[in-house]
Amino acid sequence: MIRVQRKDFDVGAEIAKLGAGNHAIGGIASFIGTVREGASHDGAASHIGAITLEHYPGMTERQLKAIEGEARARWTLDACLIIHRYGRLEPGERIVLVVTASSHRQAALESCAFLIDWLKTKAPFWKLEDTAEGAHWVEARASDDQATARWQTPPKAAE
Amino acid sequence: MIRVQRKDFDVGAEIAKLGAGNHAIGGIASFIGTVREGASHDGAASHIGAITLEHYPGMTERQLKAIEGEARARWTLDACLIIHRYGRLEPGERIVLVVTASSHRQAALESCAFLIDWLKTKAPFWKLEDTAEGAHWVEARASDDQATARWQTPPKAAE
Amino acid sequence: MKLLYFAWLRQRIGHTAEEIAVPPEIKTVRELIVWLKARGPGYAAALDDLSVVRAAVNQDYVPLDHPVRNADEVAFFPPVTGG
Amino acid sequence: MKLLYFAWLRQRIGHTAEEIAVPPEIKTVRELIVWLKARGPGYAAALDDLSVVRAAVNQDYVPLDHPVRNADEVAFFPPVTGG
Chain G
233 MIRVQRKDFD VGAEIAKLGA GNHAIGGIAS FIGTVREGAS HDGAASHIGA
283 ITLEHYPGMT ERQLKAIEGE ARARWTLDAC LIIHRYGRLE PGERIVLVVT
333 ASSHRQAALE SCAFLIDWLK TKAPFWKLED TAEGAHWVEA RASDDQATAR
383 WQTPPKAAE
Chain E
233 MIRVQRKDFD VGAEIAKLGA GNHAIGGIAS FIGTVREGAS HDGAASHIGA
283 ITLEHYPGMT ERQLKAIEGE ARARWTLDAC LIIHRYGRLE PGERIVLVVT
333 ASSHRQAALE SCAFLIDWLK TKAPFWKLED TAEGAHWVEA RASDDQATAR
383 WQTPPKAAE
Chain R
4 MKLLYFAWLR QRIGHTAEEI AVPPEIKTVR ELIVWLKARG PGYAAALDDL
54 SVVRAAVNQD YVPLDHPVRN ADEVAFFPPV TGG
Chain L
4 MKLLYFAWLR QRIGHTAEEI AVPPEIKTVR ELIVWLKARG PGYAAALDDL
54 SVVRAAVNQD YVPLDHPVRN ADEVAFFPPV TGG
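Protein chains in written order, with this note's numbering: chain G, 233 to 391; chain E, 233 to 391; chain R, 4 to 86; chain L, 4 to 86.
Here is the structure:
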């Protein structure tokens, strides 16, 4: 399940909904990305204020569904949720939530890590960040490409 | 922070408390282990009802603190929480919660996976499970030892 | 053809979407880029460095030699930075 | 010496904790096990297969050649299965 929205989400409620009533689930992994204050994403010394996330309505949903489909093809998941926000977000605010549930913990943990790595490099969002020197567009990082690349080889036995 | 308790926990509230007010955090990873119904942990065909978790009061807290300390030594974490329940738990109930927060997502994701692997093999808990053939003690699994063993080598650059 | 621009490409071009009838001799994304750059300095600035320009046709990422037709939705943007 | 037993070791021995004055010639966990097994069939059954018996002294995991003293808290249990 994927959602692209401006408003915040309730982590506890989302996780509870995902697993509700399914007793085949043995593990639920989640990741919450938040707006970080301090050094900018490009490693510059300037401080971040808010960020503004631009996206491509239509393509964003399409690509998020494709990323979810890839995770479900690689691991046996009982449930999978991606929520990604757009618009202006202040430091400390939630940007993204990924939740995966499986009968086996390794499948949940690995697919959650996979999804967040893929979101970074395959989901059509662009971050504009406020710095002491004005607003600037965050540049894609080579380390994110490398994190995605490690999933290009078939995963080890998932469980 | 570690807690050993009989009662359930509120995942959303625990995660919210952990990250509250710390704008250096960029990622929060969590894992919830739940009582799974169906094939028993030993791979037997019999169905699980409830499980009863026995623990070693005093040593459990001591070992959980040691495991948390190990994670904090290996990764730069802004916050770390382990809650592990004991007593009788029905299918679908939460057993364990691990939450890690860091400025970098890889540190959060990796330390969360590390903690749950180490809990499986180093935290003094023992599971008694109800099956169609009566109650029996869950046996430790070689796959859990292997999952722990992969952390024996120093981790890659954490971020 | 529906054309869309995002992030700093949108800022340099000055708008986020437009409908343009593209000449039939434009067969690929790369040819479309060359044609767009001749439309004005904003387009030229936005599409100058192709190492930081990504393209999508009908909401799928494509390489620059991908075919385009007038019925397509074509988008240009920098490498993504979500998550 | 404070002795503690958990899981199926506890069930076979019949109780979870006891205070015993252990003879001074008992110097290691392994010697303690041999001495305990002579106390009755429950102990013998619980401590029969050392490949599935784990020990802790003063709440830290120890190997079977670890020293023990009368002031120690010593626990026996199977491999853990939490998480």
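Glycine included, each C-beta is placed from N, C-alpha and C at the ideal position.
Residue i vs residue j beta-carbon contact at 8 angstroms
i, j, result
"Ile16(L)", "Val71(L)", "no"
"Thr353(G)", "Val83(R)", "yes"
"Ala355(G)", "Ile299(G)", "yes"
"Phe80(R)", "Trp358(G)", "yes"
"Pro323(G)", "Gly258(G)", "no"
"Ser343(E)", "Arg306(E)", "yes"
"Arg238(E)", "Tyr288(E)", "no"
"Leu39(R)", "Glu21(R)", "no"
"Glu286(G)", "Ala10(R)", "yes"
"Ala49(L)", "Tyr8(L)", "yes"
"Val236(G)", "Thr292(G)", "yes"
"Gly290(G)", "Gln62(R)", "yes"
"Trp383(G)", "Asp362(G)", "no"
"Asp310(E)", "Ser335(E)", "yes"
"Gly251(G)", "Ile260(G)", "yes"
Closer than 7 angstroms at the beta carbon, the chain E residues around residue i
i, result
"Trp11(L)", "Trp369"
"Ile257(G)", "Thr266 and Arg268"
Whole-number beta carbon distance between residue j and residue i, since they are thought to touch under 8 angstroms
i, j, result
"His69(L)", "Val32(L)", "5 angstroms"
"Ala263(G)", "Leu347(E)", "Residue identity check: residue 263(G) is Phe in the sequence provided, not Ala. So it is not a contact: roughly 14 angstroms between Cβ atoms."
"Arg326(E)", "Thr284(E)", "With 8 angstroms as the limit, Arg326(E) and Thr284(E) do not qualify as a contact, their Cβ atoms being about 15 angstroms apart."
"Glu269(G)", "Ala339(E)", "About 17 angstroms separates the two Cβ atoms, so there is no contact after all."
"Ala59(R)", "Ala78(R)", "4 angstroms"
"Gly86(L)", "Leu351(E)", "4 angstroms"
Residues that residue i contacts on chain R, provided the C-beta gap is smaller than 7 angstroms
i, result
"Ala355(G)", "Val83, Gly85 and Gly86"
"Leu351(G)", "Gly85 and Gly86"
Below-8 angstroms beta-carbon distance, residue i vs any chain L residue
i, result
"Lys249(E)", "no"
Closer than 8 angstroms to chain G by CB, residue i
i, result
"Ser343(E)", "no"
"Asp310(E)", "no"
"Ser346(E)", "With the sequence shown as reference, residue 346(E) is identified as Phe, and Ser is not the correct amino acid for it. Chain G, which has no Cβ nearer than 8 angstroms to the Cβ of Phe346(E), makes this no."
"Ala301(E)", "At residue 301(E) the sequence reads Gly, which differs from the Ala that was named. No, no contact with chain G."
"Gly324(E)", "yes"
"Gly244(E)", "yes"
Chain E contact for residue i (CB, 8 angstroms cutoff)
i, result
"Phe80(L)", "yes"
"Ala59(L)", "yes"
"Ile260(G)", "yes"
"Ile234(G)", "no"
"Phe241(G)", "no"
"Tyr46(L)", "no"
Under 9 angstroms from the C-beta of residue i: neighbouring residues of chain G
i, result
"Leu7(R)", "Tyr288 and Met291"
9 angstroms Cβ cut-off: residues of chain R touching residue i
i, result
"Ala372(G)", "Val55, Pro81, Pro82, Val83 and Thr84"
Listed by chain order, chain E residues near residue i by CB distance under 8 angstroms
i, result
"Gln338(G)", "Ala379"
Partner residues on chain L for residue i, Cβ-Cβ distance less than 7 angstroms
i, result
"Val328(E)", "Gly86"
8 angstroms Cβ cutoff, residue i in contact with chain R
i, result
"Arg294(G)", "yes"
"Ala277(G)", "Any reading at Ala277(G) must be qualified, since the residue scores a pLDDT of 48, below 50, and its modelled position is unreliable; the value itself is stated next. So, not an interface residue."
Per-residue contacts from residue i into chain R (C-beta, under 8 angstroms)
i, result
"Leu285(G)", "Gly85"
"Lys359(G)", "Thr84 and Gly85"
Contact with chain B by residue i, beta-carbon distance below 8 angstroms
i, result
"Ala256(G)", "Among the protein chains in the structure shown, which are G, E, R and L, there is no chain B."
Inset, instruction - Please confirm if the region 324–344 of chain E is in contact with the region 243–255 of chain E, defined as three or more CB-CB distances below 8 angstroms between the two stretches. - result: yes
Legend entry - Contact the region 44–56 of chain R vs the region 45–53 of chain L: 3+ CB pairs below 8 angstroms: no
Inset, instruction - May I ask you to verify whether the region 301–317 of chain E touches the region 312–321 of chain G, counting CB pairs closer than 8 angstroms and requiring at least 3? - result: no
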